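Asker: Encoded as structure tokens, here's the structure I'll be asking about.
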Amino acid sequence: SWFPSIRCKGAISDKDLKNNKFIENLGSWNKLKIQKEKITESFSEYTSLIFLDADDEKVTDKAGFDKTIAFVNDLMSEWNWKKYDVFVLPNHQDNGTVEDLLENIINIKNKKIFDCWNGFENCLSKDNSLTIPAKKSKIYSYLECLHGVTNQAKDKCKDANRDFLNENLWNIKNLENPYISKLKEFLDKHLK
1 SWFPSIRCKG
11 AISDKDLKNN
21 KFIENLGSWN
31 KLKIQKEKIT
41 ESFSEYTSLI
51 FLDADDEKVT
61 DKAGFDKTIA
71 FVNDLMSEWN
81 WKKYDVFVLP
91 NHQDNGTVED
101 LLENIINIKN
111 KKIFDCWNGF
121 ENCLSKDNSL
131 TIPAKKSKIY
141 SYLECLHGVT
151 NQAKDKCKDA
161 NRDFLNENLW
171 NIKNLENPYI
181 SKLKEFLDKH
191 LK
């Protein structure tokens, strides 16, 4: 799960966003309950924009889009906190994770990497004694295939070092893509 919170009070400059001046990673959704002080006191002058995974209902009974929204709304109501909005990944309607969003915005010329990965997963699924790797591994492997083998290249595959503006990796300009358009609408509502 992915739970950063963007503190928002009016317009935020690109420089501030790049320097993470307004972004706090508060941990996963299941750790949200222990973040009350950080959200309600540290962010008191801001609207908190909360991003978190819907996850898959097969993984936990607390997961799924509707349950995730309800969880956040109930918790914020319990805290009497009204200065927030939530975006549920991958696309604010389906179950899934940030990795589902990322898979749906890859540069299509790199689709063969996921075709191979899906074959790998299909092969593993035939043996009940084997575990299919996590979606995080799939995204890391995608980037690893494209960046190279040096330590410096492998460092670019890590979550914190990913370049989401690299058009050789990601197709973020396709505003028709529901994974991009819904996220853009949400951010536009708060960051303009």
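Residues in the sequence shown are numbered consecutively from 1, following the working numbering. All C-beta atoms in this analysis are idealised placements derived from N, C-alpha and C, irrespective of residue type, glycine included. Predicted, not measured: the structure shown is a model, and the values here were computed from it.
Could you pull out every residue in the same chain whose Cβ sits closer than 8 Å to the Cβ of cysteine 157, ignoring the five residues on either side in sequence?
Answerer: Taking the sequence shown and counting its residues from 1, one reaches residue 157 at position 157. Answer for cysteine 157: Tyr140, Leu143, Glu144 and His147, listed in chain order.
Asker: Of the choices Leu175, Lys36 and Asn151, whose alpha-carbon is the least far from that of asparagine 80?
Answerer: Indexing the sequence shown from 1 puts residue 80 at position 80. Among Leu175, Lys36 and Asn151, the Cα nearest to that of asparagine 80 is on Lys36.
Asker: Taking leucine 98 and aspartate 53 to be in contact with their CB atoms under 8 Å, please state how far apart those CB atoms are, rounded to whole angstroms.
Answerer: Taking the first residue of the sequence shown as position 1, residue 98 is located at position 98. Taking the first residue of the sequence shown as position 1, residue 53 is located at position 53. First, the residue type needs correcting, since residue 98 is valine and not leucine in the sequence shown. Yes, they are in contact, since the Cβ atoms of valine 98 and aspartate 53 sit about 6 Å apart, within 8 Å.
Asker: For the structure I just gave you, are there three or more beta carbon pairs, one from the region 121 to 137 and one from the region 83 to 92, closer than 8 Å?
Answerer: The region 121 to 137 is not in contact with the region 83 to 92.
Asker: Taking all protein chains shown into account, decide if leucine 165 is buried (16 or more other Cβ within 10 angstroms of its Cβ) or exposed.
Answerer: Locating residue 165 in the sequence shown gives position 165, where the first residue counts as 1. Exposed: under 16 other Cβ atoms inside 10 Å.
Asker: From the DSSP output, read off the bridge partner residues of isoleucine 69.
Answerer: In the sequence shown, counting from the first residue as 1, residue 69 sits at position 69. In the DSSP output, where bridge partners are listed per residue, isoleucine 69 has none listed.
Asker: Take every Cβ of the region 69 to 77, pair it with every Cβ of the region 109 to 121, and state whether three or more of those distances are shorter than 8 Å.
Answerer: With a cut-off of 8 Å, the region 109 to 121 and the region 69 to 77 do not count as touching, because too few Cβ pairs lie within range.
Asker: Under 7 Å Cβ to Cβ from phenylalanine 65, same chain only, skipping five residues before and after it: list those, please.
Answerer: Counting from one through the sequence shown, the residue named residue 65 turns up at place 65. Cβ neighbours of phenylalanine 65 beyond the five flanking positions: Ala54, Val88, Gln93, Asp94 and Asn95.
Asker: Would you list the one or two residues that DSSP bridges to aspartate 55?
Answerer: Along the sequence shown, one-based indexing puts residue 55 at 55. Gly96, per the DSSP bridge assignment.
Asker: In three-state terms, what does DSSP make of leucine 143?
Answerer: Numbered from its first residue, the sequence shown carries residue 143 at position 143. Reduced to three states, the DSSP call for leucine 143 is helix.
Asker: DSSP on tyrosine 46, reduced to helix/strand/coil?
Answerer: Here residue 46 refers to the residue found at position 46 of the sequence shown. Coil at tyrosine 46, not helix or strand.
Asker: Write down the C-beta distance between isoleucine 105 and asparagine 177 rounded to the nearest angstrom, noting that I regard them as a contact closer than 8 Å.
Answerer: If you number the sequence shown from 1, residue 105 lands on position 105. If you number the sequence shown from 1, residue 177 lands on position 177. Contact flag correct, Cβ pair sits at about 6 Å.
Asker: Excluding the five sequence neighbours on either side, which residues of its own chain have a C-beta within less than 6 Å of the C-beta of asparagine 171, listed in chain order?
Answerer: Reading the sequence shown from its first residue, position 171 is the one you call residue 171. Answer for asparagine 171: Ile105 and Asn107, listed in chain order.
Asker: Identify the continuous beta strand (DSSP E) that holds aspartate 85 and give its terminal residues.
Answerer: Taking the sequence shown and counting its residues from 1, the one referred to as residue 85 is at position 85. Segment 84 to 89, the beta strand (DSSP E) holding aspartate 85.
Asker: For the putative contact between lysine 83 and tyrosine 46, defined by C-beta atoms under 8 Å, what is the C-beta separation to the nearest angstrom?
Answerer: Start at 1 with the first residue of the sequence shown, and residue 83 comes out as number 83. Start at 1 with the first residue of the sequence shown, and residue 46 comes out as number 46. Confirmed, about 7 Å.
Asker: Using a Cβ-Cβ cutoff of less than 6 Å, which residues in the same chain neighbour leucine 32 once the five nearest sequence positions on both sides are dropped?
Answerer: As a working note, residue 32 is residue 32 in the sequence shown. Within the same chain, leucine 32 has no close Cβ partners at all.
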